[in-house]
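First up is the structure itself, then whatever we jot down about it.
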Amino acid sequence: MSAFCLMIVAVWVLGGPLAAFAAPKTAETPSEPKLTSAYPFTGQRGTTFTAIIRGTGLRGATTVFSKTAPFTTAIEGIETEPVEDVKPSAKPKAPIELVRVKIQIDAAAKAGRYPIRLITPAGISNAIPIAVIDHPVTDEPAPSHETPDTAVVISKLPAALNGRIAQRGETDYYAFHADAGETVTFEVFSGLPSTGAAGGNANGFDPSLSIYERSGSWFDPKRVNRIAFNDEPLWVLGKGTDAYLVQRFEKAGEYLVRVEAFSGQGGLDYGYHLKVATGEAPQERSSPGKNWAERKYERALSTDRLNDLAERGGKARDQAKIETYRTSVAPASSAPMFRLPGTLEGAITQPGEAQRSKFHLDGPQDIAIEIETPTSAPPLFNPIVRLLNAAGEEVATNVFAGRGLCTGELNKSLQAKVIVPLRDAGDYTVEVRETTADLASPEFRYRVLVRPQIAHLGDVKIEEDKVNVSPGDAKSVRVVFDREEDYRGAVAVTAESLPPGVQALAGADFEPDKDPPLHPGKRERYVPRNERLVVVFTASPDAALTAQPQLVRLVVRPIVDGKPGAIVSMKEIPLMVVAKP
Amino acid sequence: MVCLSMFVIPAVCCLAAPQAVSLKTIPAKVTLQYAGAQQQFVAIANYADGTTHDVTDTVEWRLSNPALAELIGSARIAAAADGDLTVTAVLAKGVEAHSAVQVKGSAQARPFSFTQEIGGILTKRGCNQAACHGGVKGRGGLKLSANALYPKDDYEWITKGGTYQVLTAEVKGERIPRIDLKNPEQSLLLTKPTMIKPHGGGKRLEKDSEDYKAILTWVKSGAPFGAEDSGKAPKLARLDVFPPLAAMAVDGQHHLLVTAVFTDGHTEDYTHQVLYSSNNADVATVTAEGVISGKRLGETAILVRGAGQVASAGAGVIGPPISNYPEVARGNFIDEAVFTKLKNFHIIPSELADDAAFLRRVCLDLTGTVPPPERVRQFIASKDARKREKVIDALIGSPEFVDYWTFRFSDIFRVAIFANGLTPKWSQKYWEWIRNNVETNRPYDEVARERISAEGYGPASRHFLPYNQVGAPNDVMAEEVRVFLGRRLDCAQCHNHPYENWSQDQFWGMAAFFSRVFKMGPVVFDHPSNMDLSSKDVNGSIQLLHPRTKAVVLPALLDGSPANLTPESNPRKELARWMTASPYFAEAAANRIWGQFFGRGIVDPVDDFRSTNPPTHPELLAALAADFREHDYDLRHLMKTIVMSRTYQLARSTNATNSDDVVNYSHALPRPLDAEVLLDAMVDSTGIQEIFSTAVADGSSVGQAPVGTRAINLKDPDMFFSRFLELYGRPNRGAIPERSIHPNLGQALHMLAGSTYADRLSAKDSRLARLLQSGASDAKIFEEFYLAAYGRFPAPDEIQDLEKTLAKRNDREAGLREFVWALTSSREFAENH
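For the protein sequence lines, the chains are X and G, in the order given. For the first sequence, the residue numbers in this note's numbering are 17 to 597. For the second sequence, the residue numbers in this note's numbering are 75 to 907.
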């Protein structure tokens, strides 16, 4: 193994899973304001509460900024958080500021999460969410309720509570009554990002829930015993790491619900919101968003998808609607036929089952296969889609095989989309099966779209969510996009609603060369061509400072045959012209 | 049940010779086939005092028809002519026994078999032992299979020569045959062991010996492989040894009788064609003729190797007979087996442990928790005749039982971040899976099947991902076999197992069940065998190649039974089905659990079953395994059966007959507490919780287990650093843990000054502090701590000593802290007894 590989391994070992236990990072020398958390972050509509916003570079914050929030806010005070014992050898850290914000929620506010930012002399901060709900919310009382004996009593359900795992190893107990046969739903929302991304919660708070009964034991009559536990797996597409648990109580009595952070983490940013309600309620999930998702299993493959793709390729919406067909467990020789474009639907309900359908091709055609898993996604349901020719030979699959950079070990991954050029006329069989031989479920539903390729712009990412620029200075924003299915047109990015004295220029920045994959396999079938461009915001030396952010719109369009197409991506970014530090 | 007839004691051991009442000869009936066929006999006498003795060398042996056979030793005959005769042994007037002998085919030479003739000689002479030519690469340029397990290979090496290589089937060096067909007497196979030519192994053959002549005759006849070449000739299936367990006094002797059983059912006497060795020559030795001599009190195994087979017999060297052996109550089949053997070994089991000792022992064994003082008081005071069973039921049904056995199985199943995909959430899910299995008392065979064959993203599949890579098939298979079948096949991955009948081919055949395990993202699955690993995109192969022959290895079960596999099925399901249906499975599980309760397995170490490491109580192990199977692999039932036995409940104190016994369960043996249990006991006794923290280099960002978390409840203990746990032998679970029970200097220093002790003694809210604040008397404090730490009341003399010692201290509180330190650093505290 090369030194480079060793270094990669070391980073993975130390920076990967173990980083899951790291507290949210704070900038060492904050040049810009950065919010890390708000506590509490949930309030009932029509009420007023005070949240403490924690972060760095917040000194002198003047205003809370939110474009859509159904509440009014007022900053009541700012103080610096006392510093705990610091080892002499420790690197100096930026002081943490606590901004006390009064939040008054409209009586007619719609429940949801609303981003807020702080405006400071150094500019506008990143956004953190404040949640509005319909029910009364109770803050956890000041004394510790870390033991069953000190549990906060929930006198009535449904209940909503704000709490915080303020220290490492802290556990918060709540006591409630359940009737015999009663079902209760518990849900905990983290105030920090909880994305279920690799590493779990490297930058967030992954809460877990446990239900206890006071059944004692021979050793300790007061012992409480766990009867249910929730901690969700990682990397399940479409699911975060917030905790959700539905429990049916066989016996009437007092029970306890315990909230804690995964693996004993904790800190002042670890705020949570606990919901306890009778009955079985579905888990609240954040909506997938309006952004285009080219290669995600959870995207909906609508009957109008060809038009959507054509539009993203700068073409007219004059494509045919897509028909839907059922697959069969029949062998390829007697599998049902379908026509392109067509969407195949089915579910792998029996272990080892393979389901098929066939189509006929009159001549060469470049096709795309897209896979949607409406109810259960990888890694729980792992659909393998194979395209077989008339001789039964595999000509395409959604399994992308390659070799690792370090060890050269063969690795594979399932892809939600594959493109393949078919050069021979004849019958082709689409075969769908679960990766494992043993697993099956009615939840293992799939929709497989087989269609002609349509060149278009795929995912577009603009990662920066704010710009603070000083007169005479420049800040760049990257726009990263995918060329799908051999899209060869140009891409236009425009910046609209710029404040006076600020310009948006086309730019370029340095991107280091990357080592090519050792054996990339047929990468072009699974990975789109990825490019980026840079928008540079410059403030003229005499540009006026702004007291409020200007929402600048970055708009992305395809350009085909010299004509701009429809908007495929748009993002509003708050921009401020601020004095030089 | 141990059969009484299996125990025979030589007459020479008797203090005053009792009267013999009956005699029997073994075998009672036998057929001698082919010219020169021989048979050894053993005579066993029953005496008026109920004892039995080997009188083979004492009796007079007679033949009813000397024309048909001749005596070639005191108890051995050789066939001479066809016909029926009777062999009679006469011990005394009216005390005689008879064996019926049929001689047939006496004019017909035995069909030659290389395996039996040459392989037998090489085995008997020790030539193919692991330390000689039976070693991995052989010795001195000659490679032989251990104990002639692979006669075809031996034949090749002997007749063609060459040097064995581990990583390739190619022969190294010039091939020099070990036989010389033109000049048979010059064959190296003869000139070396007779020292005509220098031989590192010394002299192994006399030139006029029968074995020398046999080899010479074989070479002269063209060195054939023999009847087995046809594939139809019967093969040696096993060796039976009589008696399976021989008891004798110090300086006593006993004859073994070895019978070879062939695949066609016929048997032959192999008593003089095998190699004997003692596992412990300090206890008993054995001659080349199979006569065991007792040396000192104890028990050992006599190993018998011959022509590709290994068998064993137990040898117990016992004390003098006990004329008034007491009646010992027996609770269940465990007691029947253990106490029967003890009686035959002239060992009287200890008394039943008193209530306090029993309670502490059973609490620690079932729950890893010391009983609280109030429970000790209640239990001792209770007059309920069934209180022991009731407390056992309460403990088995307790949440602490779930805690403790989750911990135990987390050890065996290796819950650890680095072993479970480098992801703490995965190791914790795996831990939760184990806990749920324990909590619901899921049948153990189901647990095993799921673990062995797990696919997908489920928790049990995480154990296939050390360092987030799919474990090597050989490593994974060896671990599953060790965990669930109690066998260590590891040696066979590089070469045929030197001590067992496991071949390298068998090892890799088993490993091939795991060769298709693949990881796609976090999903574990078995790659279909009818599809290329990488199709046309990237070269790759899922085929498992034999490391030596480079041939493709297909899944093959250890016993050679066919595996029902299809290209797209999960082959591990078939393996899991076979493993859990194997008789090895139940006996390995029963032995493992037994070992937890007694500190040693019936086979010990608990996962090292092999013919050269036989069980001390084979019938008991078989009965436990059968009971486990009959109760649907119910671990709680198995544990209750064990702890309900009188055997388990015996006192630690010994009597004159059992003080030397360490293997027969005649008294309780003290066992050191595992590090985690000891630390939890410290917490319970002192009343001060342990804080477990994770840590990274700069100490900045870590987690902490909730206050009150017990050491046995740490889900992924490798994340939590603990000086105490490291010092006391907590394993890192990088491999199947084998905990060190040996004390070390670090422990001693930690006892003196470590935070586990020092901080607790001075803590403000400790048990001691609370007692002091309540105004408790010295006697009350002594009693409370004795109950908390030892689970018993202090004895009057102990109280007197404590009071004297404390009186010498001017500072009462400091003196009491020293008392608590003394208690918690004592052996009585640190052991289960």
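Yeah, the Cβ is synthetic: ideal placement off N, Cα and C, and Gly gets one too. Computed from a predicted model, the values in this text were never measured in an experiment.
Quiz item: Is it right to say Phe-316/G is buried, meaning 16 or more other beta carbons lie within 10 angstroms of its own, or is it exposed?
Solution: For the purposes of this step, residue 316/G is identified with residue 242 of the second sequence, where counting begins at 1. It is buried - the Cβ of Phe-316/G has at least 16 other Cβ atoms within 10 Å.
Quiz item: Within the 8 Å Cβ cut-off, does Cys-512/G reach chain X?
Solution: Along the second sequence, read from residue 1 onward, the residue named residue 512/G stands at position 438. Per the sequence shown, the amino acid found at residue 512/G is Val instead of Cys. No, its Cβ sits nowhere closer than 8 Å to a Cβ of chain X.
Practice problem: For Thr-731/G, count neighbouring C-beta atoms within 10 Å of its own C-beta (all shown protein chains included) and say buried if the count is 16 or more, exposed if not. | Solution: On the second sequence, position 657 is the one that residue 731/G refers to. Per the 10 Å Cβ criterion, buried.
Quiz item: Is the CB of Arg-449/G under 8 Å away from at least one CB in chain X?
Solution: Here residue 449/G corresponds to residue number 375 of the second sequence, with the count starting at 1. Chain X contact via Cβ: present.
Quiz item: Taking three-plus beta-carbon pairs below 8 Å as touching, is the segment 332 to 340 of chain G in contact with the segment 129 to 141 of chain G?
Solution: no
Quiz item: Should Ala-407/X and Val-292/X be called a contact, given that it needs their Cβ atoms to be closer than 8 Å?
Solution: If you number the first sequence from 1, residue 407/X lands on position 391. If you number the first sequence from 1, residue 292/X lands on position 276. Cβ atoms of Ala-407/X and Val-292/X: not closer than 8 Å.
Quiz item: Looking at the structure shown, is Gly-124/G part of a helix, part of a strand, or coil, going by DSSP?
Solution: By 1-based counting over the second sequence, the position of residue 124/G is 50. Here Gly-124/G sits in coil by DSSP.
Quiz item: Within 8 Å (strictly less), CB to CB, does Arg-184/X reach chain G?
Solution: One-based indexing of the first sequence puts residue 184/X at position 168. By this cut-off, Arg-184/X is an interface position.
Quiz item: How would you call Ile-149/X, buried or exposed, if buried means at least 16 neighbouring beta carbons within 10 angstroms?
Solution: Working through the first sequence from its first residue, we reach residue 149/X at position 133. With 16 or more other Cβ atoms within 10 Å, it is buried.
Quiz item: Apart from the five residues just before and just after Gly-282/X, which ones in its own chain have a Cβ nearer than 6 Å to its Cβ?
Solution: For the purposes of this step, residue 282/X is taken as residue 266 along the first sequence, with counting starting at 1. Excluding positions up to five away in sequence, the list reads Ile-181, Gln-183, Arg-184, Glu-186.
Practice problem: Verify the CB distance criterion: does Gln-778/G have a CB-CB separation below 8 Å to chain X? | Solution: Translated into positions along the second sequence, residue 778/G becomes position 704. Yes, Gln-778/G lies at the interface with chain X (some Cβ there is under 8 Å from its Cβ).
Quiz item: Gly-669/G lies in the alpha helix (DSSP H); which residues open and close that run?
Solution: Position 595 of the second sequence, counting from 1, holds the residue named residue 669/G. Residues 657 to 672.
Self-check item: alpha helix (DSSP H) segment containing Arg-213/G, residue limits
Solution: The residue labelled residue 213/G in the question sits at position 139 within the second sequence. Neither: Arg-213/G is in no alpha helix (DSSP H) and is coded neither H nor E.
Practice problem: With 8 Å as the threshold, decide whether the Cβ of Phe-599/G is near any Cβ in chain X. | Solution: Locating residue 599/G in the second sequence gives position 525, where the first residue counts as 1. Yes, contact with chain X.
Quiz item: For Asp-525/X, which residues from the same chain have a beta carbon less than 7 Å from its beta carbon, with the 5 sequence-adjacent residues on both sides left out?
Solution: Counting from 1 along the first sequence, the entry for residue 525/X is found at position 509. Hits under 7 Å: Ser-492, Val-550.
Quiz item: Does the ligand FAD have a heavy atom nearer than 7 Å to the CB of Gly-147/G?
Solution: With respect to the ligand FAD, the structure shown offers nothing to examine, as it has no ligands at all.
Quiz item: For Gly-157/G, does the three-state DSSP call read helix, strand or coil?
Solution: Locating residue 157/G in the second sequence gives position 83, counting from the first residue. Strand at Gly-157/G.
Exercise. Can you give me the Cβ contacts of Lys-789/G inside the same chain, cut-off strictly under 6 Å, excluding the 5 residues immediately before and after it?
Key: Looking up residue 789/G in the second sequence gives position 715. Contacts found: Gln-502, Trp-505.
Practice problem: Note the first and the last residue of the continuous beta strand (DSSP E) segment covering Trp-70/G. | Solution: Nothing about residue 70/G can be reported from this structure: the residues present for chain G run from 75 to 907 only.
Quiz item: DSSP three-state call for Pro-223/X: helix, strand or coil?
Solution: Here residue 223/X is taken as the residue at index 207 of the first sequence, counted from 1. Note: Pro-223/X maps to strand in three-state DSSP.
Quiz item: Listed from N- to C-terminal order along the chain, which residues in the segment 409 to 432 of chain X have their beta-carbon within a distance smaller than 7 Å of any beta-carbon of chain G?
Solution: Glu-410, Thr-413, Ala-417, Gly-418, Arg-419, Leu-426, Lys-428, Ser-429, Leu-430
Quiz item: If we count the other Cβ atoms within 10 Å of its Cβ and call it buried at 16 or more, is Lys-878/G buried or exposed?
Solution: Along the second sequence, one-based indexing puts residue 878/G at 804. Answer is exposed; the Cβ neighbour count stays below 16.
Exercise. Have a look at His-824/G, Ala-896/G, Gly-808/G and flag the residue whose alpha-carbon is nearest the alpha-carbon of Val-489/G.
Key: Position 415 of the second sequence, counting from 1, holds the residue named residue 489/G. Comparing Cα-Cα distances from Val-489/G to each of His-824/G, Ala-896/G, Gly-808/G, the minimum goes to Gly-808/G.
Self-check item: Whole runs of the alpha helix (DSSP H) within the segment 398 to 450 of chain X, excluding any shorter than 4 residues
Solution: none
Quiz item: Hey, how far is the Cα of Lys-178/G from the Cα of Ala-522/G?
Solution: Locating residue 178/G in the second sequence gives position 104, counting from the first residue. Locating residue 522/G in the second sequence gives position 448, counting from the first residue. Cα-Cα distance, rounded: 52 Å.
Quiz item: In this structure, what does DSSP give as the bridge partners for Thr-96/X?
Solution: Here residue 96/X corresponds to residue number 80 of the first sequence, with the count starting at 1. Partner(s): Glu-113/X.
Quiz item: If the cut is a Cβ gap below 9 Å, which residues of chain X does Gln-617/G touch?
Solution: Your numbering for residue 617/G matches position 543 in the second sequence. The contacting residues do not exist; Gln-617/G stays about 13 Å from chain X at best.
Quiz item: So with Cβ pairs under 8 Å, would you call Lys-647/G a contact of chain X?
Solution: If you number the second sequence from 1, residue 647/G lands on position 573. Yes, contact with chain X.
Quiz item: Within the 8 Å Cβ cut-off, does Phe-65/X reach chain G?
Solution: Position 49 of the first sequence, counted from the start, is the residue given in the question as residue 65/X. Answer no: the Cβ-Cβ gap between Phe-65/X and chain G never drops below 8 Å.
Self-check item: Cross-chain neighbours of Ser-598/X in chain G, by beta carbon under 8 Å
Solution: The requested residue 598/X does not occur in the structure, where chain X is confined to residues 17 to 597.
Practice problem: For chain G, find out if any of its Cβ atoms is closer than 8 Å to the Cβ of Gly-71/X; answer yes or no. | Solution: Within the first sequence, residue 71/X is the residue found at index 55, counting from 1. For Gly-71/X, the answer is no, since every Cβ of chain G falls outside 8 Å of its Cβ.
Exercise. Mind checking which residues open and close the beta strand (DSSP E) that includes Ile-243/X?
Key: Position 227 of the first sequence, counting from 1, holds the residue named residue 243/X. Taken as a continuous stretch (DSSP letters only), the beta strand (DSSP E) holding Ile-243/X covers 241 to 246.
Quiz prompt | Buried versus exposed call for His-907/G [16 or more other C-beta atoms within 10 Å across all chains shown] | solution = As a working mapping, residue 907/G is identified with position 833 in the second sequence. Buried: at least 16 other Cβ atoms inside 10 Å.
Practice problem: Write down the C-beta distance between Phe-553/X and Tyr-444/X rounded to the nearest angstrom, noting that I regard them as a contact closer than 8 Å. | Solution: For this step, residue 553/X is matched to residue 537 along the first sequence. For this step, residue 444/X is matched to residue 428 along the first sequence. Not a contact, Cβ separation roughly 50 Å.
Quiz item: Where does His-289/X sit, in a helix, a strand or coil, going by DSSP?
Solution: Against the first sequence, residue 289/X aligns to sequence position 273. Three-state result, His-289/X: strand.
Quiz item: In its own chain, which residues sit with a C-beta less than 8 Å from the C-beta of Pro-84/G, not counting the 5 before and 5 after it?
Solution: Sequence index remark: in the second sequence, residue 84/G carries index 10 (1-based). Legend: pLDDT at Pro-84/G = 43, less than 50; position of this residue unreliable, value from coordinates given subsequently. Counting only Cβ-Cβ distances below 8 Å, and skipping sequence neighbours, we find His-127, Asp-128, Val-129, Met-322, Ala-323, Gly-326, Gln-327, His-328.
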